[in-house]
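Everything on this sheet refers to the single structure shown next.
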Amino acid sequence: AAAALDFERKTPLGLNGFVLLFHVSTDPRRTDKFYDRLDALLTELKRRGYGFTRL
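Residue numbers for the sequence shown follow our numbering, beginning at 161 and rising by one.
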């Protein structure tokens, strides 16, 4: 999640045309599950004016 927002800050076009691809399952040894942060990321991106399209 932080990497996507960092990318948005560093590129002139932000996340326009950006494709967010993630794998829904994770190794049980990982404690930093992306899906736990997904809602906050989508909420923040919506707040910044982004829209979403399923591919």
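Every residue, glycine too, gets a C-beta built ideally from N, C-alpha and C.
Unbroken alpha helix (DSSP H) run spanning Arg216, endpoints: Given that the chain is displayed from residue 161 to residue 215, the structure contains no residue 216 and the question cannot be resolved.
For Leu180, count the other beta carbons within 10 Å of its own beta carbon; 16 or more makes it buried, fewer makes it exposed. Which is it? The residue in question, Leu180, is exposed, as its Cβ has fewer than 16 Cβ neighbours within 10 Å.
Which residue marks the beginning of the alpha helix (DSSP H) containing Leu198, and which one marks its end? Leu198 to Arg207
With DSSP collapsed to three states, give me the class of Phe194. helix
Closest to Arg214 by CA distance: which of Phe182, Phe167 and Lys193 is it? Phe182
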